[in-house]
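A.B. asks: Per the numbering used here, the sequence shown starts with residue 378, numbered consecutively.
Here a beta-carbon is modelled for each residue, glycine too, at the ideal position from N, C-alpha and C.
Input: one structure, supplied below.
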Amino acid sequence: MPRQVDHAARLAAVEDAVVAIAADAGFDAVTIRAVAKHVGASTSVVTHYVGSREELLCNAVRRELDGRRAEADAATRGLDGRAALRAMAEWAVLSPTERTHRFWLALVLNAAAQPTLRGELDRFNQWWNRRIDGLLQEAGSADPAREADLISLFVDGIVVSGFDAGKPWTLERRTELLDAVWTTLSI
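In structure tokens:
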């Protein structure tokens with residue numbers, strides 16, 4: 378009797394491997410062979426689900442970023458204006474795990490050299506910018522463009538500067554900094 382394979386679970390394991398490898402070693406380390414080794418399968422198993430490394434990257438990164446967007450939607454559900462904006466900022470700087478921080482940093486660092494990653498990062502950033510702009514408008518911001526820049530700069534800075542010490546800043550430190558930035562906004 379042929380073995381039953383849960384294709385959705387297998388594809389999820391392949392995509393999870395991409396994220397794990399990228400978070401641990403960067404996107405240059407993500408190869409079909411490395412993914413196959415990570416999931417304990419042959420390269421033909423991986424290529425059964427994706428036709429190329431670019432498709433492998435696109436699918437896994439898109440799934441990861443779509444998951445982050447769904448988390449943001451959940452964090453802001455039922456809120457509007459200032460409360461939604463604060464919840465969005467808290468989600469961005471307080472909720473990510475260390476693995477998520479490492480994945481995000483790898484994505485940002487590799488996007489310039491890998492068009493597939495650049496496209497997915499641009500797609501996420503367009504969503505982020507529309508969302509922040511809309512929430513600033515709802516909150517009655519006096520200078521939405523300036524405040525959107527400040528929020529984005531702060532969020533990006535938390536991800537990048539937290540690695541100066543070799544790991545993301547503590548939740549307490551990120552919370553204190555978020556509070557400090559929040560008090561400077563006019564909304």
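Could you give the distance in angstroms between the alpha-carbon of P521 and the alpha-carbon of T424?
C.D. replies: On the sequence shown, residue 521 is found 144 positions in, with the first residue counted as 1. On the sequence shown, residue 424 is found 47 positions in, with the first residue counted as 1. Roughly 46 angstroms between the two C-alpha positions.
A.B. asks: Starting from R550, trace the alpha helix (DSSP H) in both directions and tell me its first and last residue.
C.D. replies: The residue you call residue 550 lines up with position 173 of the sequence shown. R550 -> alpha helix (DSSP H) spans L548 to T561.
A.B. asks: How far does the alpha helix (DSSP H) with G534 in it extend, from its first residue to its last?
C.D. replies: Position 157 of the sequence shown holds residue 534. Where G534 is concerned, the enclosing alpha helix (DSSP H) stretches over P521 to S538.
A.B. asks: At the level of alpha carbons, what is the spacing between G403 and T420?
C.D. replies: Walking along the sequence shown from the start, residue 403 turns up at place 26. Walking along the sequence shown from the start, residue 420 turns up at place 43. Answer to the nearest angstrom: the Cα atoms are 20 angstroms apart.
A.B. asks: Tell me whether T408 sits in a helix, a strand or coil according to DSSP, three-state version.
C.D. replies: Reading the sequence shown from its first residue, position 31 is the one you call residue 408. Here T408 sits in coil by DSSP.
A.B. asks: Are A399 and V407 close, meaning C-beta to C-beta below 8 angstroms?
C.D. replies: The residue given as residue 399 occupies position 22 in the sequence shown. The residue given as residue 407 occupies position 30 in the sequence shown. In this structure, V407 lies closer than 8 angstroms to A399 by Cβ.
A.B. asks: From G455 to K414, what does the alpha carbon distance come to, in whole angstroms?
C.D. replies: Along the sequence shown, read from residue 1 onward, the residue named residue 455 stands at position 78. Along the sequence shown, read from residue 1 onward, the residue named residue 414 stands at position 37. Spanning the two alpha carbons is a distance of roughly 43 angstroms.
A.B. asks: Among E467, R463 and D526, which one has its Cα closest to the Cα of R550?
C.D. replies: Within the sequence shown, the letter at position 173 stands for residue 550. For the residues E467, R463 and D526, the minimum Cα distance to R550 belongs to E467.
A.B. asks: Rounding to the nearest angstrom, what Cα-Cα distance links D499 and Q381 in this structure?
C.D. replies: Here residue 499 refers to the residue found at position 122 of the sequence shown. Here residue 381 refers to the residue found at position 4 of the sequence shown. C-alpha separation (whole angstroms): 38 angstroms.
A.B. asks: How about A464 and T477: are their beta carbons less than 8 angstroms apart?
C.D. replies: By 1-based counting over the sequence shown, the position of residue 464 is 87. By 1-based counting over the sequence shown, the position of residue 477 is 100. Contact flag unset, no.
A.B. asks: Which residue comes first and which comes last in the alpha helix (DSSP H) that contains P492?
C.D. replies: On the sequence shown, position 115 is the one that residue 492 refers to. Start and end: P492 to A516.
A.B. asks: Whose C-alpha, out of A437, L554, L462 and A516, is nearest the C-alpha of R387?
C.D. replies: By 1-based counting over the sequence shown, the position of residue 387 is 10. For the residues A437, L554, L462 and A516, the minimum Cα distance to R387 belongs to A437.
A.B. asks: Alpha carbons only, please: which of Y426, G458 and D401 is nearest the one belonging to D383?
C.D. replies: By one-based count along the sequence shown, residue 383 stands at place 6. Nearest C-alpha to D383: Y426.
A.B. asks: Note the first and the last residue of the continuous alpha helix (DSSP H) segment covering D383.
C.D. replies: As a working mapping, residue 383 is identified with position 6 in the sequence shown. Note, D383: premise wrong, no alpha helix (DSSP H); not H, not E.
A.B. asks: If you count every other CB in all the chains shown that lies within 10 Å of the CB of S538, and 16 or more means buried, which is it?
C.D. replies: If you number the sequence shown from 1, residue 538 lands on position 161. Classification of S538: exposed, given that the 10 Å Cβ count is below 16.
A.B. asks: Starting from V485, follow the alpha helix (DSSP H) in both directions and report where the run begins and ends.
C.D. replies: Looking up residue 485 in the sequence shown gives position 108. Note, V485: alpha helix (DSSP H), E475 to A488.
A.B. asks: With a 10 Å radius around its C-beta and 16 neighbouring C-beta atoms as the bar for buried, classify S518 as buried or exposed.
C.D. replies: Here residue 518 corresponds to residue number 141 of the sequence shown, with the count starting at 1. So S518 counts as buried.
A.B. asks: What distance in whole Å lies between the Cβ atoms of V395 and L434, which are believed to be in contact at a cut-off of 8 angstroms?
C.D. replies: Here residue 434 refers to the residue found at position 57 when the sequence shown is read from its first residue. Here residue 395 refers to the residue found at position 18 when the sequence shown is read from its first residue. L434 to V395, Cβ: 7 angstroms. Contact.
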